[in-house]
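Novice: Here it is: the structure, laid out below.
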């Protein structure tokens, strides 16, 4: 699609210059749009499009680790077809892959569920209170503004064996050792950072709901619970779905937090991005690219299913929501 | 009594939310101000306040001043470049009618879906081949891929909110589209662009995996990487006091900016709807 748009001006240049004056405004718009869009499309093609394609190509190659029949190291790249992929699923690293796959899925499911629940609760609380809302909104942005790597360190400090978490709980849990508690630590830290953010987006959605709707329902005898399930939730659904989708995509590629909080190459928190990063940092680019491609495919499938099952047209709904907000403000 | 309780309830909730969000951050600040020998105290207020940790951060062997400068250069350049490129695209998406508009918007949003790692592996290889390891451009260019879709999306939302009639009136009065853009849109959109700039800058400032991978020389590390590496990301004996102090130095400017522009940032984030 990008190329269609980019090619447009070039294809027409000779004729276009001559007949510029006779152009309809509509066609002038098109030309201008192509001109204005091309820098962004070019940058995205270069720094996202090219790497994804090159990565896929890379995943079909291996380099310089093999010995030939005479015991010499084979230099340079060698085409190995789908070997890197078979190695992922069935090789001796298959366990590591399925572990990382499970961790990634587990983190995605638990954190998104928790942060959505906590975020919605936060939004409802903030929507109730009138005074102090500005302070809370500012406070809510603090976890978001702290770099993930720094918050990883902060939580590592809190989860020390003699740290604040254990002091509060009066327990001796080894959070940052490589065990199930480490998963818990990552989930707690991730939910802390992102649930306020969901809260913020849902609050924005809540503020769009006209007060009368709720009042009418109350007059008709709907309980608070019914009002929440049957009025509030359906009305904030578009905003919530977009937030959840993007949170989901973000957790699926999680790296900084577990890497800093627990460490790389730790079974209990290793995610697909971490495993791929580890391969790349050991210069096994082919294998790293294969992991990245598998992750990419997984993300695409989940995103597709999400959009299909929950919201037919996320982009359209988001745009509508933006439009509504614009009108509400004006 | 019950009425009073009912009225107090939302404020109790507000207090709960605030504590939830700020308590860990408070712990970072307090830990940073403890004396190194009191580091493992778990009292809520330090027995004695000290700035020893802060002096340690700027100790010669950490090279932290340089790391801050690197972060500033990388995040600053990323922000400026994405804004320059993004503004035009966002204008086109918000104001012009052309075929494949939804497809273009879809492509731009879809790029936020790519996992950074699938971008990183080939780029890392490419940068090794062309000798870009340990350069600023090796950190800035991949960051554009993350920042640009977000910027375009937010700016498009901002531009859509501006009244189209003003521009049309200017054009009817004889302005060209370019003039209308410069004289009407740019001044009106300035707050939105500024907000987008803050959000983009924070996102770029927080970047970790690229900076970690394409740089192996200490003097080119960004602040987030430098702090995590005070003893290496999987090290054992971590100087937590120093790390917390460094964390405070890196986050407090962001937190201050967030507090000042809180209203605008919320508007930007909700307009963007993502991240």
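Protein chains in written order, with this note's numbering: chain D, -12 to 317; chain Z, 240 to 514. All C-beta atoms, glycine included, are put in the ideal place defined by N, C-alpha and C.
Is residue 482 of chain Z close to chain D, meaning its C-beta is less than 9 Å from at least one C-beta of that chain?
Specialist: Residue mapping note: residue 482 of chain Z aligns to position 243 of the second chain, counting from 1. Yes, contact with chain D.
Novice: Quick one, are the C-beta atoms of residue 364 of chain Z and residue 41 of chain D less than 9 Å apart?
Specialist: Residue 364 of chain Z sits at position 125 when you count from the first residue of the second chain. Residue 41 of chain D sits at position 54 when you count from the first residue of the first chain. Contact flag set, yes.
Novice: Quick one: is residue 481 of chain Z buried, meaning 16 or more other Cβ sit within 10 Å of its Cβ, or exposed?
Specialist: Walking along the second chain from the start, residue 481 of chain Z turns up at place 242. It is buried - the Cβ of residue 481 of chain Z has at least 16 other Cβ atoms within 10 Å.
Novice: Assign residue 411 of chain Z to one of two classes, buried (16 or more other C-beta atoms within 10 Å of its C-beta) or exposed (fewer than that).
Specialist: Within the second chain, the letter at position 172 stands for residue 411 of chain Z. It counts as exposed.
Novice: Could you tell me the distance, in whole angstroms, from the CA atom of residue 250 of chain Z to the CA atom of residue 118 of chain D?
Specialist: Along the second chain, one-based indexing puts residue 250 of chain Z at 11. Along the first chain, one-based indexing puts residue 118 of chain D at 131. Cα to Cα, residue 250 of chain Z sits roughly 9 Å from residue 118 of chain D.
Novice: Quick check on the burial criterion: 16 or more other C-beta atoms within 10 angstroms. Buried or exposed for residue 4 of chain D?
Specialist: For the purposes of this step, residue 4 of chain D is taken as the residue at position 17 of the first chain. In this prediction, residue 4 of chain D scores a pLDDT of 47, lower than 50, which makes its location untrustworthy; the coordinate-derived value is nonetheless stated afterwards. Exposed, because fewer than 16 other Cβ atoms sit within 10 Å of the Cβ of residue 4 of chain D.
Novice: Grouping DSSP H, G and I as helix and E and B as strand, with all else coil, what is residue 66 of chain D?
Specialist: Within the first chain, the letter at position 79 stands for residue 66 of chain D. Residue state, collapsed to three classes: strand.
Novice: Please classify residue 237 of chain D: is it buried, with 16 or more other beta-carbons within 10 angstroms of its beta-carbon, or exposed?
Specialist: As a first step, residue 237 of chain D must be located in the first chain, where it is residue number 250. Classification for residue 237 of chain D: buried.
Novice: If you draw a straight line from the C-alpha of residue 139 of chain D to the C-alpha of residue 275 of chain Z, how long is it?
Specialist: Working through the first chain from its first residue, we reach residue 139 of chain D at position 152. Working through the second chain from its first residue, we reach residue 275 of chain Z at position 36. Their Cα atoms are separated by approximately 21 Å.
Novice: Which residues, in chain order, does the stretch 437 to 465 of chain Z contribute to contact with chain D at a C-beta distance below 9 Å?
Specialist: So the close ones are 441, 444, 445, 446, 447, 448, 451, 452, 462, 463, 464.
Novice: Is it a yes or a no for the stretch 426 to 438 of chain Z touching the stretch 264 to 278 of chain Z, going by three-plus beta-carbon pairs under 8 Å?
Specialist: Judged by Cβ distances under 8 Å, the stretch 426 to 438 of chain Z makes no contact with the stretch 264 to 278 of chain Z, as fewer than three pairs qualify.
Novice: Decide if residue 189 of chain Z is buried, meaning its Cβ has at least 16 other Cβ atoms within 10 Å, or exposed.
Specialist: Absent from the structure is residue 189 of chain Z, since the part of chain Z shown begins at 240 and ends at 514.
Novice: Check each residue of the stretch 34 to 53 of chain D: if its Cβ is closer than 7 Å to any Cβ of chain Z, include it; give the result in chain order.
Specialist: Listed by position, the residues of the stretch 34 to 53 of chain D near chain Z (Cβ gap below 7 Å) are 34, 35, 38, 39, 41, 42, 45.
Novice: Is the shortest distance between the beta-carbon of residue 353 of chain Z and the beta-carbons of chain D less than 9 Å?
Specialist: Walking along the second chain from the start, residue 353 of chain Z turns up at place 114. Yes, residue 353 of chain Z lies at the interface with chain D (some Cβ there is under 9 Å from its Cβ).
Novice: Could you name the residues of chain Z that residue 113 of chain D contacts, counting a contact when the two beta carbons are closer than 9 Å?
Specialist: Taking the first chain and counting its residues from 1, one reaches residue 113 of chain D at position 126. What residue 113 of chain D touches in chain Z: 249, 252, 253, 256.
Novice: Where does the unbroken alpha helix (DSSP H) through residue 120 of chain D begin, and where does it stop?
Specialist: On the first chain, residue 120 of chain D is found 133 positions in, with the first residue counted as 1. Start and end: 120 to 132.
Novice: Any Cβ of chain Z within less than 9 Å of the Cβ of residue 133 of chain D?
Specialist: What you label residue 133 of chain D is simply residue 146 of the first chain in a count that begins at 1. Output row for residue 133 of chain D: interface = yes.
Novice: Please name the residues in the stretch 280 to 291 of chain Z whose beta-carbon is closer than 9 Å to at least one beta-carbon of chain D, in chain order.
Specialist: The stretch 280 to 291 of chain Z vs chain D, Cβ under 9 Å: 281.
Novice: Would you report the Cα separation of residue 123 of chain D and residue 18 of chain D, rounded to the nearest angstrom?
Specialist: Working through the first chain from its first residue, we reach residue 123 of chain D at position 136. Working through the first chain from its first residue, we reach residue 18 of chain D at position 31. Approximately 46 Å, taken between the alpha carbons.
Novice: For residue 272 of chain Z, which residues in chain A fall below 8 Å Cβ to Cβ?
Specialist: Judged by its chain identifiers, the structure shown contains no chain A, and its protein chains are D and Z.
Novice: In three-state terms, what does DSSP make of residue 321 of chain Z?
Specialist: As a working mapping, residue 321 of chain Z is identified with position 82 in the second chain. Three-state DSSP puts residue 321 of chain Z in a helix.
Novice: Closest to residue 434 of chain Z by C-alpha separation, out of Z:508, Z:490, Z:381, Z:279, would be which residue?
Specialist: If you number the second chain from 1, residue 434 of chain Z lands on position 195. Checked all of Z:508, Z:490, Z:381, Z:279; the closest Cα to residue 434 of chain Z is Z:508.
Novice: If you compare alpha carbons, which of D:38, D:132, D:188 is closest to residue 108 of chain D?
Specialist: If you number the first chain from 1, residue 108 of chain D lands on position 121. Here the closest residue by C-alpha is D:188.
Novice: Going by DSSP, what residue range makes up the beta strand (DSSP E) through residue 49 of chain D?
Specialist: Within the first chain, numbered from 1, the residue matching residue 49 of chain D stands at position 62. Looking at the DSSP string, the run of the beta strand (DSSP E) that includes residue 49 of chain D is 48 to 50.
Novice: Would the beta-carbon of residue 182 of chain D fall within 9 Å of that of residue 75 of chain D?
Specialist: As a working note, residue 182 of chain D is residue 195 in the first chain. As a working note, residue 75 of chain D is residue 88 in the first chain. Taking 9 Å as the Cβ cut-off, residue 182 of chain D and residue 75 of chain D do not qualify as a contacting pair.
Novice: On the criterion of 16 or more Cβ atoms from any shown chain inside 10 Å, does residue 96 of chain D qualify as buried, or is it exposed?
Specialist: Along the first chain, read from residue 1 onward, the residue named residue 96 of chain D stands at position 109. So residue 96 of chain D ends up on the exposed side.
Novice: Please determine if the stretch 222 to 237 of chain D and the stretch 64 to 81 of chain D are in contact, where contact requires at least 3 C-beta pairs separated by less than 8 Å.
Specialist: No: the two stretches stay apart, fewer than three of their Cβ pairs being nearer than 8 Å.
Novice: Show which residues of chain D have a CB atom less than 8 Å away from the CB atom of residue 504 of chain Z.
Specialist: Reading the second chain from its first residue, position 265 is the one you call residue 504 of chain Z. The answer, in chain order, is 128.
Novice: Are the CB atoms of residue 447 of chain Z and residue 424 of chain Z within a distance shorter than 9 Å?
Specialist: Locating residue 424 of chain Z in the second chain gives position 185, where the first residue counts as 1. Locating residue 447 of chain Z in the second chain gives position 208, where the first residue counts as 1. For residue 424 of chain Z and residue 447 of chain Z, no; Cβs fall outside 9 Å.
Novice: In chain D, which residues lie less than 8 Å from residue 358 of chain Z when you measure between Cβ atoms?
Specialist: Reading the second chain from its first residue, position 119 is the one you call residue 358 of chain Z. Correct list: 34, 35, 38, 39, 42.
Novice: Does the beta carbon of residue 240 of chain D come closer than 9 Å to any beta carbon on chain Z?
Specialist: Taking the first chain and counting its residues from 1, the one referred to as residue 240 of chain D is at position 253. Yes, residue 240 of chain D counts as interfacial toward chain Z.
Novice: Give the residues of chain D in contact with residue 335 of chain Z, contact being defined as C-beta atoms less than 7 Å apart.
Specialist: Counted from its first residue, the second chain places residue 335 of chain Z at position 96. Within chain D, the residues near residue 335 of chain Z are 16, 19, 20.
Novice: Please list, in chain order, the residues of the stretch 485 to 502 of chain Z that have any C-beta partner in chain D closer than 7 Å.
Specialist: Those would be 486, 489, 490, 493, 494, 497, 498, 501, in chain order.
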